[in-house]
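Structure first, then comments.
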Amino acid sequence: MATLATATATAPAPAVVPRVAIPANGVDYRNKIVLAPMVRSGELPSRLLALKYGADLVWGPETIDRSMIGAERRVNPRNGTIEFTRMPSNGGRPNKPTKESIIYRIDPAREKGRLIYQIGTADPELAVQAARVVAADVSGIDLNSGCPKPFSTSGGMGAALLRTPDLLVSILEALVKEVGEPFQIGISVKIRILSNPEETEALVSRLVKTGITGLTVHCRTTPMRPRERALRDQLPMVARICHEAGVACVMNGDVTSRDEGLALMAEYGVDGAMIATSAETNSSCFRAKEDGGAAPWREVVYEYLCFCMESENRLGNTKYLLNILIPGKDKEFKGAKLSKTYLDICRVLKFDDLLPAAARVDQILGLDEKWETAPSVTDTEAQSESKSKAVQNAMESEAARAAGGGAVRTKTPSPAVHGGGPIRRSSAPQPAKVAQVDAEQPAVEATISAAQPQAPSQLTA
Ligand SMILES: Cc1cc2nc3c(=O)[nH]c(=O)nc-3n(C[C@H](O)[C@H](O)[C@H](O)COP(=O)(O)O)c2cc1C
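So the sequence shown is residues 14 to 474, counted in the working numbering.
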């Protein structure tokens, strides 16, 4: 009879699954159901909404390298969010008035350890310069290598990188060495499958050797339209190559809920699942059935509006997602669509308890000029609380960051505003009115290159 020792000696050694080390300030994509990067639909309020309903990680919208290079970083004293701002180009017209634009916004408390910044680039040096601007405030930098739209591919970015693997690899290597290592965060890439599985295999085999910690595969080819069913036959092969190199593999394409994501992860042997359009329609898809599952649209819209107002989100962007969140047949849909202010929206939707916050954010954004009916006294009076502890913390940690400088992590403030209930109403001094970039296209489109063609109504990276 074999002893335990001899049995152990003769048994095949268990397969050692390598894992690339996750940097100290980074995050492991394994066992995560995550919000996809979405231009327009992935601004701060929708990311907070997804997190509220259980998303494990959130990707920000693709932001083009040139738009972030030279951006100023500041903390908004009213809500503690970090804002990256810049002056837009005046399109060569010296007399054209320009207003500072907000390129990117981060909630350092609620997004801490959960935000991945996605970059659009076709140049290793520009990629590094841009990523360095935000690296200390995010948990990872993801490279967009899947957007098929001409505004992206014409500059060699997005899906065009799938056809220039040397360049793609050199960008990832530069990001790993110049940003990932010094800032101790992960670098990842989001690709599409290629029509020929051997080509996908060759590409992924190169990508996993660049030092990345994660790879997301959108299971559609570049020419495929968003409505075409995702193709999952290459997924096990991509997962195998990632796993052999110790890189986390996240699947994307037609994942509609947390529960479905978990089931698909088990079925295809991948480490995580990413949700885009289903989260756009109703972020409560991130909530497991056993925790309550999908929430009714009115609840989701209420929460979304709270986050929009707290974040001082541009009204056009808020309305863009409202038009998706409110079912088209509902009578409130038309009313919300025609609204010109936050006050109008809250009145149309009968969210009376939000009217004071709506009046306040309208004033901040300069929308009060469009009020058709002035708010009543009770709509505006609830502004007398002292500045919240959270905001004070944010200001203090900002001072600490300024003193420490570089890649040093800041002490993160506690959540700036609502944690699910009504939003905070602070009495910060009347703010300067702010402008925001049009989130309908990657930020650089709105700020750097006025000559670029308009992005189409829906992006399909
Ligand atoms: C409105 C919208 C904007 C998008 N913007 C981006 C983007 O900025 N970066 C990116 O990599 N993919 C982007 N995508 C693609 C999604 O991240 C995702 O890959 C695609 O929608 C497939 O996922 P789904 O089947 O869950 O919708 C966008 C998709 C939509 C609908």
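Ideal placement from N, C-alpha and C gives every residue a C-beta, glycine not left out.
Paired residues, beta bridge with residue i - DSSP
{"i": "Tyr117", "result": "Phe97"}
{"i": "Val47", "result": "Leu70 and Met287"}
{"i": "Ser229", "result": "One point to set straight first is that residue 229 is Thr, not Ser, in the sequence displayed. Note: Thr229 sits in a beta bridge opposite Lys203 and Val263."}
{"i": "Gly83", "result": "DSSP, once it has assigned bridges, lists no residue as partnering Gly83."}
{"i": "Ile129", "result": "Trp72 and Gly153"}
{"i": "Ile77", "result": "Gly133"}
{"i": "Val88", "result": "Ile95"}
Beta-carbon proximity list for residue i, same chain, < 7 Å, skipping 5 on both sides
{"i": "Lys222", "result": "Ala258"}
{"i": "Gly282", "result": "Pro249 and Ala252"}
{"i": "Phe196", "result": "Asn38, Ala148, Ala149 and Ala420"}
{"i": "Gly159", "result": "Gly171, Ala172, Lys203, Ile204, Arg205, His231 and Ala474"}
{"i": "Trp310", "result": "Asn295, Leu338, Ile339 and Pro340"}
{"i": "Gly227", "result": "Tyr42, Gly199, Ser201, Val260, Ala261 and Val263"}
{"i": "Val374", "result": "Met322, Glu325 and Tyr355"}
Range covered by the alpha helix (DSSP H) that runs through residue i
{"i": "Gln376", "result": "Leu368 to Leu378"}
{"i": "Leu139", "result": "Pro137 to Val147"}
{"i": "Ala122", "result": "Unbroken run through Ala122: none, as it is neither H nor E."}
{"i": "Val217", "result": "Pro210 to Leu220"}
{"i": "Pro58", "result": "Leu57 to Lys65"}
{"i": "Pro163", "result": "Pro163 to Thr166"}
Own chain, CB closer than 6 Å to residue i, minus 5 neighbours either side, in chain order
{"i": "Glu75", "result": "Pro50, Val52, Gln131, Gly133, Asn157 and Pro455"}
{"i": "Arg32", "result": "Gly259"}
{"i": "Gly224", "result": "Val189"}
{"i": "Asp479", "result": "In the structure as shown, the chain begins at 14 and stops at 474. Residue 479 is therefore absent and cannot be evaluated."}
{"i": "Ile119", "result": "Ile95 and Asp150"}
{"i": "Gly274", "result": "Ile46, Val268 and Ala286"}
{"i": "Ala387", "result": "none"}
{"i": "Tyr333", "result": "Arg53"}
{"i": "Gly266", "result": "His231, Cys232, Arg233 and Ala243"}
{"i": "Leu362", "result": "Glu345"}
Span of the beta strand (DSSP E) around residue i
{"i": "Asp155", "result": "Gly153 to Ser158"}
{"i": "Ile184", "result": "Counting along the chain, Ile184 falls outside any beta strand (DSSP E), though it belongs to the alpha helix (DSSP H) covering Pro178 to Leu188."}
Same chain only: Cβ atoms within 8 Å of residue i, ignoring 5 sequence neighbours per side
{"i": "Thr475", "result": "Any answer about residue 475 is impossible in this case: the structure gives the chain only from 14 up to 474."}
{"i": "Val141", "result": "Ala187, Leu188, Glu191 and Val192"}
{"i": "Leu139", "result": "Asp78, Arg79 and Ile82"}
{"i": "Leu62", "result": "Ser296, Val313, Glu316, Tyr317 and Phe320"}
Closer than 8 Å to chain B by CB, residue i
{"i": "Glu382", "result": "Considering every chain present, this structure includes no chain B. It has just one protein chain."}
Ranges of the beta strand (DSSP E) found wholly within the region 326–375, counting only runs of at least 3: Within the region 326–375, no run of beta strand (DSSP E) reaches 3 residues while sitting entirely inside it.
Whole runs of the alpha helix (DSSP H) within the region 239–318, excluding any shorter than 4 residues: Correct list: 248–258, 271–281 and 290–294.
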